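To convert a position in the sequence shown, counted from 1, into our numbering, add 2. Yeah, the Cβ is synthetic: ideal placement off N, Cα and C, and Gly gets one too. Just so we're clear, the structure is a prediction, and the values are computed from it rather than from any experiment. Below is one structure; the comments refer to it alone.
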Amino acid sequence: MKSAYRSELKPVWCPGCGDFAVLSALTGALEELEVPNHQVALFSGIGCSSRIAGYVDVYGFNTLHGRAIPFARGAKLAKPDLTVLALGGDGDLFSIGGGHVAHAVRSNVGIKVICLDNFVYGLTKGQVSPTTPPELASEGSAVPHPIDPVVAVLAASLGSARSFVAQGISSDPKQLKELFVQAIRHPGFAFVNVLTCCPTYRKEPFEALKARAARLDASHDPGNLLAALALASRPVMEAPLTGIFFRGGQK
Ligand code: SF4
Numbered sequence: 003m004k005s006a007y008r009s010e011l012k013p014v015w016c017p018g019c020g021d022f023a024v025l026s027a028l029t030g031a032l033e034e035l036e037v038p039n040h041q042v043a044l045f046s047g048i049g050c051s052s053r054i055a056g057y058v059d060v061y062g063f064n065t066l067h068g069r070a071i072p073f074a075r076g077a078k079l080a081k082p083d084l085t086v087l088a089l090g091g092d093g094d095l096f097s098i099g100g101g102h103v104a105h106a107v108r109s110n111v112g113i114k115v116i117c118l119d120n121f122v123y124g125l126t127k128g129q130v131s132p133t134t135p136p137e138l139a140s141e142g143s144a145v146p147h148p149i150d151p152v153v154a155v156l157a158a159s160l161g162s163a164r165s166f167v168a169q170g171i172s173s174d175p176k177q178l179k180e181l182f183v184q185a186i187r188h189p190g191f192a193f194v195n196v197l198t199c200c201p202t203y204r205k206e207p208f209e210a211l212k213a214r215a216a217r218l219d220a221s222h223d224p225g226n227l228l229a230a231l232a233l234a235s236r237p238v239m240e241a242p243l244t245g246i247f248f249r250g251g252q253k
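Following this line, the structure appears as structure tokens:
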């Protein structure tokens with residue numbers, strides 16, 4: 003049955019693209035939360051994943067490259083009752099848009115940021131992105147130390163410790179949906195990094211990640227920011243952990 007949150011537009015993503023699973027998990031989360039369609043605004047940047055703004059039947063805005071977060075913050079400040087989502091790829095949110103992330107965290111405006119992290123610029127045909135593992139970068143373009151989006155957001159949370167930070171993987175849409183539900187319910191800033199697949203330009207890392215992915219141990223206390231940082235600091239290719247890393251209070 004077609005979701006009440008899916009628009010009439012048919013996605014143009016390549017067969018097998020992880021973006022399909024994220025779309026399904028996101029519409030599933032909205033269904034579970036029963037947020038009226040007209041009470042949701044989704045801002046995206048530019049890139050394959052940012053096309054999602056057209057595929058969800060809510061107010062959708064395909065904005066500028068890297069600028070989904072400031073658009074979303076403005077909307078949330080103007081209309082605090084709206085559920086406001088900002089979505090983009092790893093290149094969009096952590097390269098040209100990287101400067102916005104830390105300020106979104108420290109302002110704690112209650113937007114929900116979703117990063118579709120497939121380690122590549124897919125729309126422009128396979129360039130290295132800020133999160134590309136160095137072993138996958140071509141010669142001459144290698145970046146020795148990729149950005150880990152979860153570490154970046156946790157580090158930005160150190161000053162105020164009020165954010166929600168989680169990581170999912172597109173091969174586990176059931177958990178992903180639950181992480182989106184929890185992120186949307188969080189009253190302040192929330193961030194979900196989604197490890198996902200670009201089968202056209204970056205298939206290898208995802209196959210390895212899928213095989214190694216493990217849920218965070220039940221003993222992890224999501225109120226412990228330093229413990230979350232320690233767990234997230236392990237290279238993602240070695241330890242792709244999923245679940246809620248951190249959930250701050252709202253004092
Ligand atoms: Fe998905 Fe990659 Fe195709 Fe873009 S190029 S639609 S990210 S599979």
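Discussion item. Please determine whether the Cβ atom of V130 lies at a distance below 8 Å from any heavy atom of the ligand SF4.
Written reply: On the sequence shown, position 128 is the one that residue 130 refers to. No, Cβ of V130 sits at least 8 Å from all heavy atoms of the ligand SF4.
Discussion item. I want to know whether the stretch 39 to 48 touches the stretch 61 to 73 - three or more CB-CB distances under 8 Å.
Written reply: yes
Worksheet item: Just reading off the alpha helix (DSSP H) that F193 is part of, what are its end residues?
Response: Stepping through the sequence shown from its first residue, residue 193 is reached at position 191. Taken as a continuous stretch (DSSP letters only), F193 belongs to no alpha helix (DSSP H), being part of the beta strand (DSSP E) at A192 to L197.
Worksheet item: Regarding D21 and the ligand SF4, is the C-beta to nearest heavy atom distance less than 8 Å?
Response: As a first step, residue 21 must be located in the sequence shown, where it is residue number 19. True, at least one ligand heavy atom lies under 8 Å from that Cβ.
Worksheet item: What does DSSP give as the partner residues of T29 in its beta bridges?
Response: Mapped onto the sequence shown, residue 29 falls at position 27. BP columns for T29 are empty, so no partner.
Worksheet item: With C-beta atoms as the reference, is R249 less than 9 Å away from Q184?
Response: Sequence index remark: in the sequence shown, residue 249 carries index 247 (1-based). Sequence index remark: in the sequence shown, residue 184 carries index 182 (1-based). Contact: yes.
Discussion item. In the DSSP output, what is Q169 paired with across the bridge?
Written reply: Position 167 of the sequence shown, counted from the first residue, corresponds to residue 169. For Q169, which the question treats as bridged, DSSP gives the partners N195 and G245.
Discussion item. To test your reading of the DSSP string, which unbroken beta strand (DSSP E) runs of 3 or more residues are found completely within the stretch 68 to 104?
Written reply: 85 to 91
Item to complete: Tell me whether the beta-carbon of C255 lies closer than 9 Å to the beta-carbon of G91.
Response: Look at the range of the chain in this structure, 3 to 253, and you will see that residue 255 is not part of it.
Discussion item. If distances are taken between C-alpha atoms only, which option among P135, R187, G161 and G190 comes closest to L211?
Written reply: Start at 1 with the first residue of the sequence shown, and residue 211 comes out as number 209. The option with the nearest alpha carbon to L211 is P135.
Discussion item. Considering only heavy atoms of the ligand SF4, does any lie closer than 8 Å to the CB of V122?
Written reply: Position 120 of the sequence shown holds residue 122. Under cutoff, so the answer is yes.
Worksheet item: What first and last residue would you give for the alpha helix (DSSP H) that runs through L125?
Response: Numbered from its first residue, the sequence shown carries residue 125 at position 123. Note, L125: premise wrong, no alpha helix (DSSP H); not H, not E.
Worksheet item: Whole-angstrom Cβ separation of T29 and R53, contact assumed at under 8 Å?
Response: For the purposes of this step, residue 29 is taken as the residue at position 27 of the sequence shown. For the purposes of this step, residue 53 is taken as the residue at position 51 of the sequence shown. Their Cβ separation, rounded to whole angstroms, is 14 Å, which puts T29 and R53 out of contact at 8 Å.
Discussion item. To the nearest angstrom, how far is the alpha carbon of A55 from that of L44?
Written reply: The sequence position of residue 55 within the sequence shown is 53, counting from 1. The sequence position of residue 44 within the sequence shown is 42, counting from 1. Rounded to the nearest angstrom, the two C-alpha atoms are 6 Å apart.
Discussion item. Less than 9 Å between the C-beta atoms of D150 and A215, yes or no?
Written reply: The residue you call residue 150 lines up with position 148 of the sequence shown. The residue you call residue 215 lines up with position 213 of the sequence shown. Cβ atoms of D150 and A215: not closer than 9 Å.
Item to complete: Kindly indicate the opening and closing residues of the beta strand (DSSP E) around V42.
Response: Within the sequence shown, the letter at position 40 stands for residue 42. Per DSSP, V42 belongs to the beta strand (DSSP E) from V42 to S46.
Worksheet item: Between the C-alpha atoms of A154 and I116, what's the straight-line distance to the nearest angstrom?
Response: As a working note, residue 154 is residue 152 in the sequence shown. As a working note, residue 116 is residue 114 in the sequence shown. Distance between the alpha carbons of A154 and I116 is about 14 Å.
Practice prompt. Could you check what DSSP says for I149 in three-state terms: helix, strand or coil?
Written response: In the sequence shown, the residue the question calls residue 149 occupies position 147. Here I149 sits in coil by DSSP.
Practice prompt. Within 10 angstroms of the Cβ of V60, are there 16 or more other Cβ atoms? Answer buried if so, exposed if not.
Written response: In the sequence shown, the residue the question calls residue 60 occupies position 58. Buried is the call here.
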